[in-house]
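J.: Once you've had a glance at the structure underneath, I'll fire off some questions.
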Amino acid sequence: MNENMKYEEAMAQLETIVRKMESNELDIDEIAAQLKTAQRLIKFCRDKLTKTESELLEEQTEGQ
-6 MNENMKYEEA MAQLETIVRK MESNELDIDE IAAQLKTAQR LIKFCRDKLT KTESELLEEQ
54 TEGQ
């Protein structure tokens, strides 16, 4: 996964994985690989949100 990836790109990839799983487009081997990718994407998104939240809270604290 690319460190420069944007949150929106990661979410789009996650949505694609979910769509493929829901429509049974993946065989069992692909499902395992896609689940691993989804786990990495979810972690990336959570980390990005946590970092953004921390930065916003820091900005609010400095502004007071």
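Here our numbering is used: position 6 in the sequence shown is -1, and no number is missing along the way. No residue lacks a Cβ here, since even glycine has one placed at the ideal position from N, Cα and C.
(1) Using the Cα positions of E1 and K44, report the straight-line distance between them to the nearest angstrom.
(2) Which residues mark the beginning and the end of the alpha helix (DSSP H) in which E18 is found?
(3) Is I35 closer than 8 Å to L7 when the C-beta atoms are compared?
(4) Is the CB-CB distance between M14 and Q32 below 8 Å?
(5) Expressed to the nearest angstrom, what Euclidean distance is found between the alpha-carbon atoms of T9 and C38?
(6) Which residue's Cα is closest to the Cα of N(-5): T30, E51, D20?
T.: This is what the structure gives:
(1) 15 Å
(2) Neither: E18 is in no alpha helix (DSSP H) and is coded neither H nor E.
(3) yes
(4) no
(5) 15 Å
(6) T30
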